[in-house]
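Participant:
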Amino acid sequence: MANGFTSFLQRSKLIHDATHLPGTPLFRADNVTVRYGDTVALDAVSFELNTGEQVAVVGPNGAGKSTLFRLMVGEIRPNSGTVTLYGSTPTDHLCVAYVPQRKAIDWRFPVTVTDVVMMGRVRKIGLFRHPGRRDRDLVRDSLERVNIAPLADKQIGELSGGQQQRVFIARALAQEAELLLLDEPLTGLDMPSQERFFNLLDAVSDSGVTTIIATHDLNLAARQFDQVMLLNTHLVAIGAPEQVLSAENLAAAYGGHLHTVGDVIIADTCCEE
Amino acid sequence: MSFLTDPLAFEFFQRALVAALLVGVLCPIVGSYVVLRGMAFLGDALAHIILPGVVIAFLLGIPLVVGALVMGIVTAFAIGALSERNVLREDSAIGVIFAGAFALGIALLSATDGYAVDLAHFLFGNLLGVTTSDLWAMGVLSFIVLTVIVLLFKELQLVSFDPLLARTLRLPVRALDYLLLLLIAVTIVVALQVVGVALMLAMLITPAAAASLFTRRLLPMMLWGAVIGASSGAIGLYASFYLNIASGPAVVLVATLIFGLVYLFAPERGLISRRMASA
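So the protein lines, in turn, are chains A and B. Counted from 1, the first sequence has number 45 at position 61 by the working numbering; the numbering is strictly sequential. For the working numbering, add 144 to where a residue sits in the second sequence, where the first one is 1.
1) According to DSSP, is L302(B) part of a helix, a strand, or is it coil?
2) Skipping 5 residues on each side, what residues in its chain have a beta carbon closer than 8 Å to that of V157(B)?
3) Starting from I222(A), follow its DSSP beta bridges and name the residues at the other end.
4) Closest to D210(A) by CA distance: which of V228(A), W91(A), D201(A) is it?
5) Is D306(B) buried or exposed, if buried means 16 or more other CB atoms sit within 10 Å of its CB?
6) Between F181(A) and L170(A), which are expected to be in contact by the criterion C-beta below 8 Å, what is the C-beta distance as a whole number of angstroms?
7) In the DSSP assignment, what residue or residues form a beta bridge with V24(A)?
8) Rounded to a whole number of angstroms, what is the C-alpha to C-alpha distance between V199(B) and P351(B)?
9) How long is the line joining the alpha carbons of I249(A) and A236(A), rounded to whole angstroms?
10) Could you please tell me which residues of the segment 345 to 369 of chain B, in chain order, have their CB closer than 7 Å to any CB of chain A?
11) Apply the 10 Å Cβ neighbour rule to E226(A) and answer buried if 16 or more other Cβ atoms are within range, or exposed otherwise.
12) List the whole-angstrom C-beta distance separating N216(A) from P44(A), where the pair is believed to meet the contact cut-off of C-beta under 8 Å.
13) In whole angstroms, what is the alpha-carbon distance linking V218(B) and V341(B)?
14) Just to check my reading of the structure: I153(A) and V41(A) have Cβ atoms closer than 8 Å, yes? What is that Cβ distance to the nearest angstrom?
15) Output needed for G211(B): all residues of its chain with C-beta closer than 7 Å, excluding positions within five of it in sequence on either side, in chain order.
16) Is the beta carbon of Q399(B) sitting closer than 8 Å to the one on A346(B)?
17) Could you check whether the segment 312 to 332 of chain B touches the segment 361 to 377 of chain B, counting it as contact only if at least three pairs of C-beta atoms, one from each stretch, sit closer than 8 Å?
18) Starting from the beta carbon of P94(A), find every residue of chain B whose beta carbon is closer than 7 Å, and list them in chain order.
19) Which residues bound the alpha helix (DSSP H) around Q208(A)?
20) Distance cutoff 8 Å, beta carbons only. Does E59(A) sit that close to anything in chain B?
21) Can you name, in chain order, every residue of its own chain whose Cβ lies under 7 Å from the Cβ of L415(B), other than the five neighbours on each side?
22) My understanding is that R105(A) touches L122(A), with C-beta atoms under 8 Å, so please give their C-beta distance in whole angstroms.
23) Let's test the definition: count the other Cβ atoms within 10 Å of the Cβ of T359(B) and tell me whether it reaches 16, buried, or not, exposed.
24) DSSP three-state call for D262(B): helix, strand or coil?
25) Go ahead and label S391(B) buried or exposed: buried means 16 or more other beta carbons lie within 10 angstroms of its beta carbon, across all protein chains shown.
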């Protein structure tokens, strides 16, 4: 049965979905500027991302990392320039998943792990309808892929930090996302959890999902990612970490707030924005 | 048993009991969203803000719910507009409208004859004065609110838990937020005769908050909230009958007492089991 009310909403432009234009890059920003009042958050930024890439976005506080993510999920529009997702405006796509920072979630909220992952299916289930067999199967598969199936009936606050993060990655999988954005995903994770996180991220990328993380940890970006984007309201550099994280580029992005001790880079800014 | 059945000989008591049970069930279900979204201040404000609408309807002799709904819709948009301009924090915007509207309601009421009695009824409820037609109106409105919540359960849960996901799934988030405000406004109208404006917040928050201490999913929280709310309504009504105290405060006191017991004795999250676990 066609969902009459959903198609009514689509026709009336209250909600509408975009299709993917063949031959277009996954994401493209063309001379994009975003301002909040008088503050410039992103300044004339241009770049392209292709399917299956793994990118770390780094830069000091206020560099525009969160603004870039908000553009990509279609939450805000640029003041000038254009952004496109598979050739059309991001605000119409369902294929972008966002894993919020830990502090953005109310962990006491009365929902189980399964409930949260099923939320990724809400649009595809449709209005006034219950999850079908395919939705339940996808949720179970997603939980198994991130290895938290035994915790399915736990309330989300009862999980460890690493497990909680995997719930949200499972939700992105259940959403059938093609672009996965993670905002400071390593904050508060111990070393074994970080290790498991990167293994999972690789598995997700291998299945064709493009993953982008925002992080303040330059060393980690250099170690774990083959593509790094260095941002300081304008795009300082994008490419392989050894080229992007050069002394000149880092000085351009961080000014005096940066010190190198042997191979380790120390930036004396932190993660809170 | 005659202790329980004796008051039922009075028809006003029967109607009051039905009203108390209805409000006891409805308020915690809607109130669960108020608790989970941290809207306690907004809920309290909304109850006071619709007072002038109710008073105007009362003076014009049209159904109170019409006046309340018009007022509820106007304020929802006024609060949104004031805070979106970004010149004021949202709580200040609400505060300005809250106090102004409440003053207007009382000023209008003070110009009428039975001022003191009417004011007491609006502020603290008039459970024993519920008429059969009041009951019908309350029943129909409750049915509409509950139907909307059943139909949009997963969407309302999603916007309450993670509005950003709702936006990336391209759901009409603002429309759902306004709808929730509207549901809260209608619920306040239904509960007006039972607890009144001043104690409204207690019915929205207290049973739902108590239920949140021992449930781990939204639906059980709503249903246990409804059980606690309905029990508070019934016990409070009997208490008011036998102890000769005002019914609205009696209902709220029972709900508060139940909250206190749950807070102490809830498994896992109650004060006592947490003390035992840490000892």
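Built from N, CA and C at the ideal position, the CB exists for glycine as well.
Facilitator: Per the coordinate set shown:
1) Numbered from its first residue, the second sequence carries residue 302(B) at position 158. Of the three classes helix, strand and coil, the one that applies to L302(B) here is helix, per DSSP.
2) Locating residue 157(B) in the second sequence gives position 13, where the first residue counts as 1. Checking the displayed sequence, the identity of residue 157(B) turns out to be Phe instead of Val. Excluding residues within five positions, the ones whose Cβ falls inside 8 Å are P151, L272, L381, F385.
3) Taking the first sequence and counting its residues from 1, one reaches residue 222(A) at position 238. Paired residue(s): M213(A).
4) For the purposes of this step, residue 210(A) is taken as the residue at position 226 of the first sequence. The option with the nearest alpha carbon to D210(A) is V228(A).
5) Translated into positions along the second sequence, residue 306(B) becomes position 162. Classification for D306(B): buried.
6) To locate residue 181(A), count along the first sequence from 1; it is residue 197. To locate residue 170(A), count along the first sequence from 1; it is residue 186. The Cβ separation is near 7 Å, so the contact holds.
7) On the first sequence, position 40 is the one that residue 24(A) refers to. The partner list for V24(A) (beta bridge, DSSP) reads R19(A).
8) In the second sequence, residue 199(B) corresponds to position 55, counting from 1. In the second sequence, residue 351(B) corresponds to position 207, counting from 1. Roughly 28 Å separates the two Cα atoms.
9) Translated into positions along the first sequence, residue 249(A) becomes position 265. Translated into positions along the first sequence, residue 236(A) becomes position 252. Using only the alpha carbons, I get a separation of about 15 Å.
10) S356, T359, R360, R361, L362, M365
11) Counted from its first residue, the first sequence places residue 226(A) at position 242. Classification of E226(A): exposed, given that the 10 Å Cβ count is below 16.
12) Residue numbering aside, residue 216(A) sits at position 232 when the first sequence is read from its first letter. Residue numbering aside, residue 44(A) sits at position 60 when the first sequence is read from its first letter. Yes, they are in contact, since the Cβ atoms of N216(A) and P44(A) sit about 6 Å apart, within 8 Å.
13) Within the second sequence, residue 218(B) is the residue found at index 74, counting from 1. Within the second sequence, residue 341(B) is the residue found at index 197, counting from 1. Distance between the alpha carbons of V218(B) and V341(B): 18 Å.
14) On the first sequence, position 169 is the one that residue 153(A) refers to. On the first sequence, position 57 is the one that residue 41(A) refers to. At roughly 18 Å, the Cβ-Cβ gap does not stay under 8 Å, so I153(A) and V41(A) are not in contact.
15) Here residue 211(B) is taken as the residue at index 67 of the second sequence, counted from 1. Cβ neighbours of G211(B) beyond the five flanking positions: G197, V198, I200, A201.
16) What you label residue 399(B) is simply residue 255 of the second sequence in a count that begins at 1. What you label residue 346(B) is simply residue 202 of the second sequence in a count that begins at 1. Strictly speaking, residue 399(B) in this sequence is Ala, with Gln absent from that position. For A399(B) and A346(B), yes; Cβs fall inside 8 Å.
17) no
18) Along the first sequence, read from residue 1 onward, the residue named residue 94(A) stands at position 110. The answer, in chain order, is S356, T359, R360, R361, L362, M365.
19) If you number the first sequence from 1, residue 208(A) lands on position 224. Note, Q208(A): alpha helix (DSSP H), 202 to 208.
20) One-based indexing of the first sequence puts residue 59(A) at position 75. Cβ-Cβ to chain B under 8 Å: yes for E59(A).
21) As a first step, residue 415(B) is located in the second sequence; it is residue number 271 there, counting from the start. Hits under 7 Å: Y407, L408.
22) As a first step, residue 105(A) is located in the first sequence; it is residue number 121 there, counting from the start. As a first step, residue 122(A) is located in the first sequence; it is residue number 138 there, counting from the start. Contact holds; Cβ gap of about 7 Å.
23) Here residue 359(B) refers to the residue found at position 215 when the second sequence is read from its first residue. Buried, by the Cβ-count rule.
24) Against the second sequence, residue 262(B) aligns to sequence position 118. It is helical.
25) Your numbering for residue 391(B) matches position 247 in the second sequence. Flag for S391(B) reads buried.
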